[in-house]
Amino acid sequence: MDGTRRGFLKAALTAAGATTTPLYAQDQGRGSGQVVPSDPALRVKSLESLLVEKGLVDPKASTRSSIPTNTRSDPVTGARVVARAWVDSAYKQRLLANADAALAELGYGGLQGEHMVAVGEHSLRAQPCGLYPLLLLSVAVLGLPPVWYKSAPYRSRSVIDPRGVLRELGLDLPASVAVQVWDSTAELRYMVIPERPAGTETLGEEQLADLVTRDSMIGVAKVSAPQVRGRL
Amino acid sequence: MNGVHDMGGMHGLGPIQLEKNEPVFHARWEARVFALNRLVGAWGKWNIDASRHVKELIPPAEYFRISYYEKFLVGMTELLVNSGLVTRAELESGKPARDSKKMSPPLTVDKVPLFVAKGCAGQPQCARRGEIPRRPARSRAQPQSHRSYAASSLRSGEARYHRTGSRRICLP
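The listed protein sequences derive, respectively, from chains S and Z. End of the first sequence sits at 246 in this note's numbering; the numbers just go up one at a time, nothing left out. End of the second sequence sits at 179 in this note's numbering; the numbers just go up one at a time, nothing left out.
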């Protein structure tokens, strides 16, 4: 019974990684061969034309709102917020106390970013029900989440084995570093203010912002000083 | 609800698969689903809780099998039918029913920037819910709602687990 269940989960997981498009499978080395019964691309095309024909969506709006302008993996908005917090301790305090207001100070906020919470460094953001501090289109703080963030392995394990998850993501924390897991609600989005790396004392706010990565704001990577910057 | 979506604490789901230089969308249809989901949501026929709920009704095996944006597609399709905006017959044929009247979409291209800039607050249906009380860290509560809680507790001293926050929803 137990073995059967494990087998099912394993098969399901392999399939979940390979369903949508061969693109997923290419560099991942995931099991492929899973055939989606009905091509989602065709289903979406058919649905979209129905919705337009019925007057349920504006075809022009659908084109425009489909492309988040933030397509970088190192989201600019969030990075600017972090850099400000690093150089201005009063701002950092305001950000930790009331992220919505502190983001608004810099002119940030909006769709899917209405309720942000900023937490200090060394925290792993968990998302058992598939959430992420995402802001889309022009006001992206962290952009749309990567696939691994929405995947079953991350969602299932981040709450019970955060250190193991961090290790898998390339961050091996010593036992002396405490780990806190923050779990979002349906609307609440978190961002981590990562630790400012040593050796960046002479850098200006803009140069600091360039160092901040998406993963550091999820809490799964440290920010590196310019010369040794690498992972992801 | 302790459905399969509430997978926090489950074992055996394998290693995390990282992807280098991951694109925002892996296929054009994913971007279309993402956009359509926003646009049909603007009809105000359902709120965010309802949209999560329909995705959580996807049978467990399917839930694991299909991708994130396929869940979007399934959820949106269900909501369109449940709300009466689209019929199953129309979905199957891909054509509007003969007697269906052409409607005018609420979120037109000129309103998109405001919608994005203001978020939920840009919609008249927006309403704020009260504070959700802080949950004890080891709660195994399984409420009969769409909200998920970590299914497992954390071993003492290893890490701390937080679940807190206020919520905001767009009422239909």
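We put the CB at the ideal spot given by N, CA and C, even for glycine.
The Cβ atoms of L46(Z) and S76(S) lie closer than 8 Å to each other. At a cut-off of 8 Å between beta-carbon atoms, S111(Z) makes contact with chain S.
R57(S) has a beta carbon lying within less than 8 Å of a beta carbon in chain Z.
DSSP places W196(S) within a strand segment (E or B) once states are collapsed to three. Using a 10 angstroms sphere on the CB of V191(S), the tally of other CB atoms stays under 16, which defines it as exposed. Your pair L225(S) and V237(S) checks out as a contact, with CB atoms roughly 5 Å apart and the cut at 8 Å. Rounded to whole angstroms, the separation of the alpha carbons of K68(S) and S107(Z) is 8 Å. The C-beta distance from P176(S) to V161(S) rounds to 20 Å, too long to meet the 8 Å contact threshold. When C-beta distances to chain S are compared with 9 Å, the residues of the segment 75-91 of chain Z below that value are Y75, Y76, E77, K78, L80, M83, T84, L87, in chain order.
In the DSSP assignment, G48(Z) falls within the alpha helix (DSSP H) that extends over 35-48. With a 10 Å radius around the Cβ and a threshold of 16 neighbouring Cβ atoms, R169(S) comes out buried.
Rounded to the nearest whole angstrom, the CA to CA distance from L25(Z) to H33(Z) is 14 Å. CA-to-CA, the gap between L86(Z) and R95(Z) works out to about 11 Å. Boundaries of the alpha helix (DSSP H) around Y76(Z): 75-89. V133(S) sits in a strand when the DSSP states are folded into three classes. Of all residues in the segment 39-62 of chain Z, only R39, V40, F41, A42, L43, R45, L46, V47, W50, I55, D56, R59 come within less than 8 Å of chain S when Cβ atoms are compared, listed by chain position.
Of the other Cβ atoms in all chains shown, 16 or more fall within 10 Å of the Cβ of N54(Z); this residue is therefore buried. Under the DSSP definition of a beta bridge, Y204(S) partners with V131(S).
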